[in-house]
Each structure stands twice: as structure tokens, then as C-alpha cells.
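Colleague: Last residue of the sequence shown: 156 in our numbering, with the numbers rising by one and none dropped. Take this structure, written in C-alpha cells, and hold onto it; I'll ask about it next.
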Amino acid sequence: MISKKIEEAFNKQIMEEENASRIYLSMASWCDVNGYPGAAAFFHRQTQEERFHALKFLQYINERGGHAKLESLPQPTLEFKNIKEVFELSLEHEKYVTKCINNLYELAIEEKDYASQNWLNWFLEEQVEEETSMNDILDKIELVRMDEDGKRGFFMLDRELKELGDLPFDED
Ligand SMILES: [Fe+2]
Ligand SMILES: [Fe+2]
């Protein structure tokens, strides 16, 4: 059985993961209409991954005797300056989610909830991976000489992103 505090905090994290999922869906849509099919595929994969994270929290709360409840979500950003900004905002958002997970871990320590600490380890590792992958893509964007709207030079990188987008994601 989880404590009320853990139940509430984990419920808030369902919202954060769903919110991340919608942010990426909006980015995928922007990439779709702005001629970045590879980046679109990448963000379509990200949106699925975040939805899977939300489901993981939902199932955990219910399994441990709580009640997972959905909250309303803010409208995500619809327009971006260029493709670089899309990835910059993605990295920023992943860093924010990492903070959220760290806070949950801290709460689980305060509550002496060892099972939840153990369960959160998967998310700690996941956040390291997510930040690394966004960082790597941004490093590559830096190497590409961009014109004003960020289109030129992105062609090869877009193909690489398509490959990443086609990868199945880790479900365990
Ligand atoms: Fe996530
Ligand atoms: Fe993420």
C-alpha cells in the first residue's frame, strides 16, 4: 500500500508524462508540416514512449492500492522558430522531467517507501538515456551549417532521425 502523499505525487507524474507525450505530438505535427519527415518519425516515437511512461505510473498506483486519476492538460506549444529550437525545448523538457522524477525519489525516501524507490530506478535510468539522446542530436545540429530557417544541411540528419524513429522502444 502506498501512502497518500506518494499516491498524490505519482498521480501528478501521470499528468507530467501525458503532458510530455502531447508536447512531442505537437512537435511531430510541426515537423510533419515543415518538411522534416525523419524528425516527425522521431517525435511520433517519443510521444508513444511518454504515453507508455504515463501508463506505467497508472498501473503502479493502482497495483499498490491507490487510485490513478487523470488531470487536465495544458495546450502544448504549436509553433517553433526552427528545427533546432524544437530539440532545444525537448532537452529542456527532459531536464524538467528528470527533476520531477528526482523529487519523487526524494519523497519515497522520506516516506520510507523502499518498493517505490526501487521502482523509480527504471525512470532514473530512462531519464539519463533521454537527456543523452536529445543532447547527441543537438550536438549534431550544431555541426550542421544551418541557414536562417534551419533547413539546409538537415537532410542527412533527418534521415538518421527517421531510423531512430523506426526503432521499437524498451518496454521493460
Ligand atoms: Fe517520460
Ligand atoms: Fe522523456
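Yeah, the Cβ is synthetic: ideal placement off N, Cα and C, and Gly gets one too.
Within this structure, are the beta carbons of M11 and L75 separated by less than 8 angstroms?
Modeller: no
Colleague: Please determine whether the Cβ atom of H37 lies at a distance below 7 angstroms from any heavy atom of ligand 1.
Modeller: At least one heavy atom of ligand 1 falls within 7 angstroms of the beta-carbon of H37.
Colleague: Decide if S56 is buried, meaning its Cβ has at least 16 other Cβ atoms within 10 Å, or exposed.
Modeller: exposed
Colleague: Less than 7 angstroms separating the Cβ of E34 from some heavy atom of ligand 1?
Modeller: yes
Colleague: The alpha helix (DSSP H) that contains N105, what's its start and end?
Modeller: DSSP places N105 in the uninterrupted alpha helix (DSSP H) bounded by 98 to 127.
Colleague: Since S(-13) contacts D97 with CB under 8 angstroms, what's their CB separation in whole angstroms?
Modeller: 7 angstroms
Colleague: R48 to E114, Cα distance in whole Å?
Modeller: 27 angstroms
Colleague: Look at the Cβ atom of Y8, then the Cβ atom of F27, and state whether they are nearer than 8 angstroms.
Modeller: Taking 8 angstroms as the cut-off, the beta carbon of Y8 is found closer than this to the beta carbon of F27.
Colleague: Could you spell out where the alpha helix (DSSP H) holding L141 opens and where it closes?
Modeller: 138 to 150
Colleague: With 16 as the cutoff for other CB atoms within 10 Å, does V112 come out buried or exposed?
Modeller: exposed
Colleague: Between which residues of its own chain and F71 is the CB-CB distance below 7 angstroms, once the five residues before and five after are set aside?
Modeller: M118, I121, L122, I125
Colleague: Report the residue from G137, P152, K(-4), I85 whose alpha carbon sits nearest the alpha carbon of A52.
Modeller: K(-4)
Colleague: Are G149 and G22 touching if we call contact CB-CB under 8 angstroms?
Modeller: Yes, the pair counts as a contact, with Cβ atoms nearer than the cut-off.
Colleague: Answer yes or no: the CB of V112 versus the heavy atoms of ligand 1, is any distance below 7 angstroms?
Modeller: no
Colleague: Quick check on the burial criterion: 16 or more other C-beta atoms within 10 angstroms. Buried or exposed for E147?
Modeller: exposed
Colleague: Of all the beta strand (DSSP E) runs that stay within the bounds of the region 44 to 91, which reach a length of 3 or more residues?
Modeller: none
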